[in-house]
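A quick write-up on the structure given underneath.
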Amino acid sequence: MSEQLKLIVEQLNKDPFKKMFNLITFDSLEPMQLLQILNDVLAEIDPKQALDIREEMPEQTIKRMCALLGMLKYKPPSNLSDVSIFRQGLVAGKKPVVHPILHWLLQRVPELKKRAYLARFLVKLEVPTEFLQDDVINDTSHQYEELVEGFKTYHKECELLRTSGFSTAEIRRDISAMEEEKDQLIKRLERLKKRVETVSNHQRMLEQARQLRVEKEREESLTHQKQEQKNQLFQAEQRLQRSQQQWKDLRQAAADANPESLTKRLEEEIKINSYMVSEKLPKELEAMRRTVQYLQKIASEPAMGQADVQELEDKIKVVDSQMNQLIEKRMMRNDPMDDKLTLYRQQASIIIRRKESKAEELQEAREELAGAERELRQRSSQAQASDGGEIIRGDELKRLVVKLRSKGTVYKKQRQEIAELKAEYGVLQRTEEILKQRHDTVQQKLQTVEAEKGISGYSNTQEELERVSAIKSELDEKKGRTLDDMEVYMKNISEQELLGKKLREKQKTVRDSHAANMEQMTMWRDLEQLMECKKQCFERAQSQPAIGQVIQEGEGHRLVL
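Per this note's numbering, the very first residue in the sequence shown carries number 1; after that it's consecutive.
So this is what it looks like as structure tokens:
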């Protein structure tokens with residue numbers, strides 16, 4: 001009971017309740033306050049239950065709570081199995097009634113939320129039979145059932161979509177990307193059309209390109225038909241080989257079949273089947289019944305606390321000690337007759353175990369053979385539906401059985417590994433829960449001690465200081481890296497400035513040495529222009545006709561205009 005109260009208080013102190021109870025304050029609550037807490041927990045599971053029970057009649061409150069608990073499939077403890085006693089205890093807000101309900105609810109809040117949500121849409125309406133004679137009511141009832149089934153289907157699809165990892169944002173991004181690609185393709189197509197329209201005879205070239213594409217498609221179709229015909233030829237050859245092998249097997253079976261071998265085989269099958277029916281299957285059936293009864297007994301009992309587990313462990317220890325005492329007494333007698341009987345019993349048990357193991361192997365082999373035959377029939381029907389093939393027999397069937405057997409072995413091994421991983425995951429998950437509970441307990445104790453010492457919030461302040469110190473160290477590290485980077489940058493800048501200074505000095509030297517050369521170049525260009533001008537004037541003077549008369553005087557000539 002203390003473990004139960006401890007769990008209830010821990011869950012109520014967490015989100016979303018945040019009641020800040022301890023064991024003493026919770027145990028000292030009034031019945032009305034306890035019922036209000038129960039109503040708050042139910043309101044967390046089903047928001048429609050959120051109200052103040054002081055504003056509601058007690059009969060309505062109990063009716064509403066009982067209806068919701070029934071919908072959530074709550075089973076009262078065995079000492080409260082009577083409905084009237086349970087309702088009276090719930091009305092009075094008695095702790096032996098309310099505490100188990102809170103313990104059961106707070107352990108499985110997410111699961112119960114989902115169950116309450118689904119129950120709003122999956123609760124079937126009980127319509128009396130005489131009312132169903134009316135066609136309208138009958139049609140409405142059938143329509144309601146169809147809607148319920150449709151909701152189940154949609155809910156499963158929704159859960160699959162949630163677990164599949166797809167999201168509407170990703171789909172929208174994909175759609176927008178495809179639309180952008182579409183726009184780019186349209187623009188590219190328009191550019192190609194404009195480019196083609198500028199070419200002469202583009203219509204004739206487009207027609208030839210279209211014919212080329214049609215011929216290529218026709219060539220691909222013919223190639224595909226050729227490949228299909230090759231496959232059909234190969235399948236026909238395989239069917240011929242299977243038929244020949246089947247014919248040989250039938251001839252061999254007919255040659256080996258004689259009355260003695262058939263009778264012996266039937267007798268062995270009858271013995272095996274008799275053992276299976278009279279010994280093995282009844283034992284397995286009885287073991288399954290005992291297991292079912294044991295599980296039903298466990299399911300009908302209330303949830304066990306730490307005290308119940310400790311009591312069972314004490315009983316187990318007592319029974320173990322009694323068994324050890326009986327074994328010691330038996331060993332002290334040292335009766336040779338008992339030793340012989342023990343030897344015979346051991347031999348008989350070994351034989352029985354071998355017999356049972358062989359029977360299990362036979363059962364597994366039969367199940368495997370039945371599964372192989374089912375798969376064989378399925379594949380044969382698929383082959384006949386596709387190309388009219390026949391049933392696979394002979395060596396191919398043997399190879400298929402060997403392959404299925406190897407796959408079955410691998411599957412069993414992997415399934416065992418998965419089961420071990422699941423068990424380990426469950427242990428780790430439980431360990432995590434226990435550590436979280438211990439951490440919460442330690443935090444509560446620490447808060448209590450801080451409150452007693454008058455230093456409430458010291459641990460939180462210490463954690464905040466450590467966090468701030470860690471952030472400060474990170475900032476200092478970043479600042480140091482930034483200073484190093486700045487130093488490198490300043491070094492690079494100084495190197496660039498030094499290089500620029502050297503280049504400017506070289507440029508000045510080149511400019512000073514180049515000044516005289518520039519003056520010489522300017523003079524030569526001016527002289528070249530002058531000579532070109534004189535050349536043009538001379539050519540122009542040669543091309544003009546002479547006007548006037550040349551008079552010779554002595555040794556010279558004179559032009560007279």
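Built from N, CA and C at the ideal position, the CB exists for glycine as well.
| message | Quick check: what's the CA-CA separation for Q496 versus L475? | response | Translated into positions along the sequence shown, residue 496 becomes position 496. Translated into positions along the sequence shown, residue 475 becomes position 475. Their Cα atoms are separated by approximately 31 Å.
| query | Which residues in the same chain as Q306 place their Cβ atom closer than 6 Å to its Cβ, once the five residues preceding and following it in sequence are excluded? | reply | As a working note, residue 306 is residue 306 in the sequence shown. Excluding positions up to five away in sequence, the list reads E3.
| Straight-line Cα distance separating L295 from A470 | Numbered from 1 along the sequence shown, position 470 holds the residue referred to as residue 470. Numbered from 1 along the sequence shown, position 295 holds the residue referred to as residue 295. So the two alpha carbons sit approximately 54 Å from each other.
| query | Is the CB-CB distance between V148 and L118 below 8 Å? | reply | Working through the sequence shown from its first residue, we reach residue 148 at position 148. Working through the sequence shown from its first residue, we reach residue 118 at position 118. No, the Cβ-Cβ distance between V148 and L118 is not below 8 Å.
| task | Report buried or exposed for R242, applying the criterion of at least 16 other Cβ atoms within 10 angstroms of its Cβ. | result | As a position in the sequence shown, residue 242 is number 242, starting the count at 1. Buried.
| Between which two residues does the alpha helix (DSSP H) harbouring K113 extend? | Residue numbering aside, residue 113 sits at position 113 when the sequence shown is read from its first letter. Unbroken alpha helix (DSSP H) run through K113: V109 to L122.
| L206 to Y411 span [Cα, whole Å] | Taking the sequence shown and counting its residues from 1, one reaches residue 206 at position 206. Taking the sequence shown and counting its residues from 1, one reaches residue 411 at position 411. The straight-line gap from Cα to Cα measures roughly 59 Å.
| task | Name the two residues that bound the continuous alpha helix (DSSP H) containing Q133. | result | Walking along the sequence shown from the start, residue 133 turns up at place 133. Unbroken run through Q133: none, as it is neither H nor E.
| Going by the CB atoms, is the gap between H103 and I8 shorter than 8 Å? | As a working note, residue 8 is residue 8 in the sequence shown. As a working note, residue 103 is residue 103 in the sequence shown. Their beta carbons are under 8 Å apart, which means I8 touches H103 by this criterion.
| field | Exposed unless 16 or more other CB atoms sit within 10 angstroms - verdict on V309 | value | In the sequence shown, counting from the first residue as 1, residue 309 sits at position 309. Counting Cβ neighbours within 10 Å, V309 comes out exposed, since fewer than 16 surround it.
| field | Cβ neighbour criterion (16 or more within 10 Å) applied to M65 | value | Locating residue 65 in the sequence shown gives position 65, counting from the first residue. The residue is buried, with at least 16 neighbouring Cβ atoms inside 10 Å.
| Given that a residue counts as buried once 16 or more other Cβ atoms are within 10 Å of its Cβ, and exposed if not, what is P16? | Position 16 of the sequence shown holds residue 16. Flag for P16 reads exposed.
| query | Can you give the beta carbon distance from A359 to M276, rounded, assuming they're within the 8 Å contact cut? | reply | What you label residue 359 is simply residue 359 of the sequence shown in a count that begins at 1. What you label residue 276 is simply residue 276 of the sequence shown in a count that begins at 1. Indeed, because the Cβ distance is near 6 Å, the residues count as touching under 8 Å.
| Are the beta-carbon atoms of S78 and P282 separated by less than 8 Å? | Position 78 of the sequence shown, counted from the start, is the residue given in the question as residue 78. Position 282 of the sequence shown, counted from the start, is the residue given in the question as residue 282. Not closer than 8 Å, so no.
| query | Do the segment 52-70 and the segment 128-147 make contact, defined as three or more Cβ pairs closer than 8 Å? | reply | no
| said: Which same chain residues end up closer than 6 Å to L614 when comparing Cβ atoms and leaving out the 5 residues on each side of it in sequence? | reply: Residue 614 is absent from the structure shown; the chain starts at 1 and stops at 561.
| said: Taking the alpha carbon of L369 as the reference point, which residue from K75, K398 and E219 has its own alpha carbon closest? | reply: To locate residue 369, count along the sequence shown from 1; it is residue 369. Nearest C-alpha to L369: K398.
| A372 and L400 look like a contact to me (Cβ under 8 Å); what is the Cβ gap, rounded to whole Å? | As a working mapping, residue 372 is identified with position 372 in the sequence shown. As a working mapping, residue 400 is identified with position 400 in the sequence shown. Contact holds; Cβ gap of about 7 Å.
| message | Residues in the same chain with beta-carbon distance under 7 Å from E356, minus the five sequence neighbours each way, listed in chain order, please. | response | Looking up residue 356 in the sequence shown gives position 356. Taken in chain order, the residues that qualify are K280.
| said: Do Q49 and L72 have their beta-carbon atoms positioned less than 8 Å apart in this structure? | reply: Taking the sequence shown and counting its residues from 1, one reaches residue 72 at position 72. Taking the sequence shown and counting its residues from 1, one reaches residue 49 at position 49. Not closer than 8 Å, so no.
| query | For K113, which of R379, A43 and N201 has the nearest alpha-carbon? | reply | Taking the sequence shown and counting its residues from 1, the one referred to as residue 113 is at position 113. Per the Cα distances, A43.
| task | Could you pull out every unbroken alpha helix (DSSP H) segment of at least 4 residues lying fully inside the segment 24-72, listed in chain order? | result | 31-45 and 58-71
| query | Where does Q184 fall in DSSP's three states? | reply | Here the question's residue 184 lines up with position 184 in the sequence shown. Q184: helix per DSSP, three-state reduction.
| task | Output the distance between the C-alpha atoms of V98 and R330, rounded to the nearest integer angstrom. | result | By 1-based counting over the sequence shown, the position of residue 98 is 98. By 1-based counting over the sequence shown, the position of residue 330 is 330. Their backbone Cα atoms lie some 52 Å apart in a straight line.
| query | So what does DSSP say about V199, is it helix, strand or coil? | reply | Indexing the sequence shown from 1 puts residue 199 at position 199. Coil.
| request: Report the rounded CA-to-CA distance for L285 versus L435, giving the unit in angstroms. | output: Counting from 1 along the sequence shown, the entry for residue 285 is found at position 285. Counting from 1 along the sequence shown, the entry for residue 435 is found at position 435. The alpha-carbon atoms of L285 and L435 are separated by roughly 42 Å.
| field | Distance CB(I62)-CB(V109) smaller than 8 Å | value | Counting from 1 along the sequence shown, the entry for residue 62 is found at position 62. Counting from 1 along the sequence shown, the entry for residue 109 is found at position 109. No, the pair does not count as a contact, with Cβ atoms beyond the cut-off.
| Within this structure, are the beta carbons of G93 and M32 separated by less than 8 Å? | Numbered from 1 along the sequence shown, position 93 holds the residue referred to as residue 93. Numbered from 1 along the sequence shown, position 32 holds the residue referred to as residue 32. Against a cut-off of 8 Å, the Cβ pair of M32 and G93 comes out as a contact.
| query | Do you know how far the Cα of V402 is from the Cα of K230? | reply | Position 230 of the sequence shown, counted from the first residue, corresponds to residue 230. Position 402 of the sequence shown, counted from the first residue, corresponds to residue 402. Near 29 Å, if we compare the C-alpha coordinates of V402 and K230.
| query | Does the separation of the CB atoms of F26 and L51 fall below 8 Å? | reply | On the sequence shown, position 26 is the one that residue 26 refers to. On the sequence shown, position 51 is the one that residue 51 refers to. In this structure, L51 does not lie closer than 8 Å to F26 by Cβ.
| message | In whole angstroms, give me the CA-to-CA distance for Q245 and E170. | response | To locate residue 245, count along the sequence shown from 1; it is residue 245. To locate residue 170, count along the sequence shown from 1; it is residue 170. Computed Cα separation, rounded: 57 Å.
| said: Against chain D, with Cβ distances strictly below 8 Å, would D476 count as a contact? | reply: The structure shown has no chain D; it contains just one protein chain.
| Helix, strand or coil: which one does DSSP assign to I171? | Position 171 of the sequence shown, counted from the start, is the residue given in the question as residue 171. DSSP places I171 in helix when its eight states are reduced to three.
| field | Simplified DSSP state of M20, which is helix, strand or coil | value | The sequence position of residue 20 within the sequence shown is 20, counting from 1. Coil.
| query | The alpha helix (DSSP H) spanning I455 covers which residue range? | reply | Taking the sequence shown and counting its residues from 1, one reaches residue 455 at position 455. Where I455 is concerned, there is no enclosing alpha helix (DSSP H), given that its DSSP letter is neither H nor E.
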